[in-house]
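2 protein chains.
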Amino acid sequence: MRPDVPSSVTVSGTTRLLAVLGDPVAQVRAPALLNPLFARLGHDAVLVPVHASPEDLPAVVRGLKRVRNLDGLLVTVPHKIAALRFADVVGATAAAVGSTNALRREADGRWRAENFDGSGFVAGLRAAGHDPEGRRAVLAGAGGAGSAVAAALLEAGVARLTVCDPDSARLRALCARLERYRPGRTAAAAPADLPGRGPLGDCDLAVNATPLGMRPDDPLPFPPQELPPGAVVADIVMKPEWTPLLTAAAGLGLTVHHGHHMLDHQLGFYCGFFGFGEVRDGGPAG
Amino acid sequence: MRPDVPSSVTVSGTTRLLAVLGDPVAQVRAPALLNPLFARLGHDAVLVPVHASPEDLPAVVRGLKRVRNLDGLLVTVPHKIAALRFADVVGATAAAVGSTNALRREADGRWRAENFDGSGFVAGLRAAGHDPEGRRAVLAGAGGAGSAVAAALLEAGVARLTVCDPDSARLRALCARLERYRPGRTAAAAPADLPGRGPLGDCDLAVNATPLGMRPDDPLPFPPQELPPGAVVADIVMKPEWTPLLTAAAGLGLTVHHGHHMLDHQLGFYCGFFGFGEVRDGGPAG
């Protein structure tokens, strides 16, 4: 795992603000990763964690948008879908995904929403040698992060994508969006359909994009023992680094891909989006 | 002047937030002074500048109060009076002064307002060897900071306090409050009354508590050449350190007292108020 370098930052009256919104927020790694990067790039800016509950989110965002030295917001669980409605302009990827993880104030005062989860996830997979092109993928989770990963996997050329989620309404809605985005490659599955002769048995990339694994007593998002040898099991949960899913997968001899790669490979995208440097390839900047 | 030590802080998802509200906010020194102090005291907290205009202040404060990892607010020009209305509980000094420069979230969720400007100012005067007791003082400015300085000077035992302000309504209101607080020692004066045979000629402590001096083309808040030899001229403007008033006063051979002392001597009070250490004597902590 990429070590969290000490995230020392110098804050003064001239410092520009960015906030990362979540509930909870204690687990977010973006401040520890981005603040030293801002400093190295010579930007007098600090990213702070902002803990807002779903019911408080509208008032919190309304207030933050009026803070004149606040230039942008990062958004994490569970606000990625809800935060879209605070944007005046929605970028193409965020629109396709139906959620946002980054909003910035434009020069004209309007707020633009984008989503770099999927491109960060795919950039991380590629950097680890797991190019998704041509793979048969199973994705657990049709929420904000799952939608982003799904769209990026299709864009990266997976041969087939099976998405499962216990919330059948949001699963159907995502699959309908994905069908319009890249037709003919997506299927929906209920979690109970995955084992046995289901899509897990004939899959070479299985991704958890649910929050399952953040808490020690969470059930596994899917049964890794159903996967064939050689499959890659990827998790987007960052803390703990070794989720029960990845621990079980490694114990079965499967290849694992940790959650931190998705964020690590978004840092360059974030810096570009917030005007703090070149977009480059989205790989770990600095 | 007390040097601004590098204010490196480490920000992560668990970091607690404090915000200093001002308009403008670029000049605030509290983040540079308090963040290293929090770090030395072992508190995972960061104080960030928040630029809010008067018309945006209600929405900004409403939003910040709902941020669950935000524990308190510092308040500077021009919000010290307006911010009082966001408190559920008003401390004794803030009530007497009619303004607040510090609000915190109590354990029961209510917000308490206090004001440490006056006690910080008087602690700074005493530390510099200018005990206000028995002095005849002139104070320019009946706004938030002026009110705090006025109440603290009376509490510290000045023999006589003449307050001047071009806004005669707020001048009368302050003098009425001060009359109730410490009867018989306060007089009001219009700025035009100060020169000639006015109170400046018979004064041994003259204080600027207006924002005049923050901009290079500001007029002087009062004419220092009217003061007798030996008078102390104190400014609460912190940037520039040498305001036109203090430069002129020093050129006349008068004793000057810089603006930063008021904040320096509040740091201990702030730390105590926010639960980050002992109140001690309010002197520069750390």
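From first to last, the protein sequence lines are chains P and F. Just add 66 to wherever you are in the first sequence, counting from 1, and you've got this note's numbering. Just add 66 to wherever you are in the second sequence, counting from 1, and you've got this note's numbering. Yeah, the Cβ is synthetic: ideal placement off N, Cα and C, and Gly gets one too.
Report task. Note down, in chain order, each residue of its chain lying with its Cβ closer than 8 Å to the Cβ of residue 177(F), except the 5 sequence neighbours on either side. Result -> What you label residue 177(F) is simply residue 111 of the second sequence in a count that begins at 1. Answer for residue 177(F): 131, 152, 153, 154, 155, 169, 170, 171, listed in chain order.
**Report entry** Straight-line gap, residue 85(F) to residue 198(F) (C-alpha atoms, nearest Å)
**Finding:** Residue numbering aside, residue 85(F) sits at position 19 when the second sequence is read from its first letter. Residue numbering aside, residue 198(F) sits at position 132 when the second sequence is read from its first letter. If I take the Cα positions, the gap works out to 32 Å.
Query raised in the report: Under a CB-based cut-off of 9 Å, is residue 77(P) close to chain F?
Result: Translated into positions along the first sequence, residue 77(P) becomes position 11. True, the Cβ-Cβ gap to chain F drops below 9 Å.
Query - C-alpha gap between residue 318(F) and residue 102(F), whole angstroms - result: As a working note, residue 318(F) is residue 252 in the second sequence. As a working note, residue 102(F) is residue 36 in the second sequence. Distance between the alpha carbons of residue 318(F) and residue 102(F): 38 Å.
Report task. Compare the C-alpha of residue 287(P) against each of 236(P), 303(P), 145(P) and name the closest. Result -> Indexing the first sequence from 1 puts residue 287(P) at position 221. Of the listed residues, the one whose Cα sits closest to residue 287(P) is 303(P).
Requested in this report: Identify each residue in the segment 101 to 132 of chain F for which the Cβ-Cβ distance to at least one residue of chain P is less than 8 Å, and report them in chain order.
Outcome: 101, 112, 113, 114, 115, 116, 117, 118, 119, 122, 125, 126, 127, 128, 129, 130, 132
Query - Nearest-angstrom Cα separation, counted from residue 329(P) out to residue 92(F) - result: Locating residue 92(F) in the second sequence gives position 26, where the first residue counts as 1. Locating residue 329(P) in the first sequence gives position 263, where the first residue counts as 1. Straight-line Cα distance between these residues: approximately 31 Å.
**Report entry** Beta carbon of residue 218(F) nearer than 9 Å to that of residue 188(F)
**Finding:** Sequence index remark: in the second sequence, residue 218(F) carries index 152 (1-based). Sequence index remark: in the second sequence, residue 188(F) carries index 122 (1-based). Contact: yes.
Query - DSSP beta-bridge partners of residue 180(F) - result: By 1-based counting over the second sequence, the position of residue 180(F) is 114. Answer is 168(F), bridged to residue 180(F).
Report task. Would you check if the distance between the CB atom of residue 77(P) and the CB atom of residue 322(F) is smaller than 9 Å? Result -> Sequence index remark: in the first sequence, residue 77(P) carries index 11 (1-based). Sequence index remark: in the second sequence, residue 322(F) carries index 256 (1-based). Not in contact: residue 77(P) and residue 322(F) (Cβ atoms no closer than 9 Å).
Query raised in the report: Anyone know if the C-beta pair for residue 54(P) and residue 256(P) falls short of 9 Å?
Result: In the structure displayed, chain P extends from 67 to 352; residue 54(P) sits before or after that span and is not available.
Requested in this report: Report the neighbours of residue 83(P) on chain F: residues whose CB is nearer than 8 Å to its CB, in chain order.
Outcome: Sequence index remark: in the first sequence, residue 83(P) carries index 17 (1-based). What residue 83(P) touches in chain F: 114, 115, 116.
Requested in this report: Assign residue 324(F) to one of three DSSP states: helix, strand, or coil.
Outcome: As a first step, residue 324(F) is located in the second sequence; it is residue number 258 there, counting from the start. Looking at residue 324(F) - three-state DSSP - the assignment turns out to be coil, as it is neither helix nor strand.
Query raised in the report: Residues in its own chain within less than 8 Å of residue 266(P) by CB, not counting five upstream and five downstream?
Result: As a working note, residue 266(P) is residue 200 in the first sequence. Excluding positions up to five away in sequence, the list reads 204, 260, 272, 288, 289, 292, 293.
Report task. Starting from residue 228(P), follow the beta strand (DSSP E) in both directions and report where the run begins and ends. Result -> Position 162 of the first sequence, counting from 1, holds the residue named residue 228(P). Segment 226 to 230, the beta strand (DSSP E) holding residue 228(P).
Report task. Whole angstroms is fine: what's the gap from residue 104(F)'s alpha carbon to residue 82(F)'s? Result -> In the second sequence, counting from the first residue as 1, residue 104(F) sits at position 38. In the second sequence, counting from the first residue as 1, residue 82(F) sits at position 16. Distance between the alpha carbons of residue 104(F) and residue 82(F) is about 11 Å.
Query raised in the report: When you compare only the Cα positions, how much space is there between residue 280(F) and residue 144(F)?
Result: Sequence index remark: in the second sequence, residue 280(F) carries index 214 (1-based). Sequence index remark: in the second sequence, residue 144(F) carries index 78 (1-based). Each residue's alpha carbon lies about 13 Å from the other.
Query raised in the report: Would you call the CB atoms of residue 114(F) and residue 114(P) closer than 9 Å?
Result: Here residue 114(F) refers to the residue found at position 48 of the second sequence. Here residue 114(P) refers to the residue found at position 48 of the first sequence. Yes, the Cβ-Cβ distance between residue 114(F) and residue 114(P) is below 9 Å.
Query raised in the report: Do the CB positions of residue 206(P) and residue 183(P) come within less than 9 Å of each other?
Result: Your numbering for residue 206(P) matches position 140 in the first sequence. Your numbering for residue 183(P) matches position 117 in the first sequence. Cβ atoms of residue 206(P) and residue 183(P): not closer than 9 Å.
Query raised in the report: With a Cβ-Cβ cutoff of 9 Å, do residue 160(F) and residue 87(F) count as a contact?
Result: The residue labelled residue 160(F) in the question sits at position 94 within the second sequence. The residue labelled residue 87(F) in the question sits at position 21 within the second sequence. No, they are not a contact pair.
**Report entry** Within 9 Å, strictly: CB atoms of residue 269(P) and residue 254(P)
**Finding:** To locate residue 269(P), count along the first sequence from 1; it is residue 203. To locate residue 254(P), count along the first sequence from 1; it is residue 188. No, these two residues do not count as a Cβ contact at 9 Å.
**Report entry** Status (buried if at least 16 other CB within 10 Å, exposed otherwise) for residue 301(F)
**Finding:** Sequence index remark: in the second sequence, residue 301(F) carries index 235 (1-based). The residue in question, residue 301(F), is buried, as its Cβ has 16 or more Cβ neighbours within 10 Å.
Requested in this report: Determine the direct distance from the alpha carbon of residue 313(F) to that of residue 306(F), and round the result to whole angstroms.
Outcome: Sequence index remark: in the second sequence, residue 306(F) carries index 240 (1-based). Sequence index remark: in the second sequence, residue 313(F) carries index 247 (1-based). Rounded to whole angstroms, residue 306(F) to residue 313(F) spans 11 Å at the Cα level.
Query raised in the report: Along chain F, in chain order, which residues have C-beta atoms closer than 8 Å to that of residue 93(P)?
Result: Translated into positions along the first sequence, residue 93(P) becomes position 27. Under the 8 Å cutoff, chain F gives 79.
Query - Distance between beta carbons of residue 311(P) and residue 274(P), contact taken as under 8 Å - result: For this step, residue 274(P) is matched to residue 208 along the first sequence. For this step, residue 311(P) is matched to residue 245 along the first sequence. Residue 274(P) to residue 311(P), Cβ: 6 Å. Contact.
Query raised in the report: Does any CB atom of chain F fall closer than 9 Å to the CB of residue 277(P)?
Result: Counting from one through the first sequence, the residue named residue 277(P) turns up at place 211. With 9 Å as the cut-off, residue 277(P) does not count as an interface residue toward chain F.
Requested in this report: With a cut-off of 8 Å on the beta carbons, I'd call residue 378(F) and residue 339(F) a contact; round off their distance for me.
Outcome: Nothing can be reported for residue 378(F), as the shown portion of chain F is limited to 67 through 352.
Query raised in the report: In chain order, what residues of the same chain have a beta carbon less than 6 Å from the beta carbon of residue 127(F), not counting five sequence neighbours either side?
Result: Position 61 of the second sequence holds residue 127(F). Excluding residues within five positions, the ones whose Cβ falls inside 6 Å are 152.
Query raised in the report: Does residue 86(F) have its Cβ less than 9 Å from a Cβ in chain P?
Result: As a position in the second sequence, residue 86(F) is number 20, starting the count at 1. Answer yes: the Cβ-Cβ gap between residue 86(F) and chain P drops below 9 Å somewhere.
Query - Any chain F beta carbon closer than 9 Å to residue 135(P) - result: If you number the first sequence from 1, residue 135(P) lands on position 69. Yes, because at least one Cβ of chain F sits closer than 9 Å to the Cβ of residue 135(P).
Query raised in the report: Within 9 Å (strictly less), CB to CB, does residue 160(P) reach chain F?
Result: As a working note, residue 160(P) is residue 94 in the first sequence. Judged by the 9 Å Cβ criterion, residue 160(P) is not in contact with chain F.
**Report entry** Distance, residue 243(P) Cα to residue 163(P) Cα
**Finding:** Residue numbering aside, residue 163(P) sits at position 97 when the first sequence is read from its first letter. Residue numbering aside, residue 243(P) sits at position 177 when the first sequence is read from its first letter. If you take the alpha carbons of residue 163(P) and residue 243(P), they lie about 8 Å apart.
Query - residue 320(P) and residue 285(P) closer than 9 Å at C-beta - result: By one-based count along the first sequence, residue 320(P) stands at place 254. By one-based count along the first sequence, residue 285(P) stands at place 219. Going by C-beta atoms, residue 320(P) is not nearer than 9 Å to residue 285(P).
Query - Beta-carbon neighbours of residue 98(P), restricted to chain F and to distances below 9 Å - result: Working through the first sequence from its first residue, we reach residue 98(P) at position 32. The contacting residues are 76, 77, 78, 79.
Query raised in the report: Taking Cβ positions, are residue 133(P) and residue 239(F) nearer each other than 9 Å?
Result: Here residue 133(P) is taken as the residue at index 67 of the first sequence, counted from 1. Here residue 239(F) is taken as the residue at index 173 of the second sequence, counted from 1. In this structure, residue 239(F) does not lie closer than 9 Å to residue 133(P) by Cβ.
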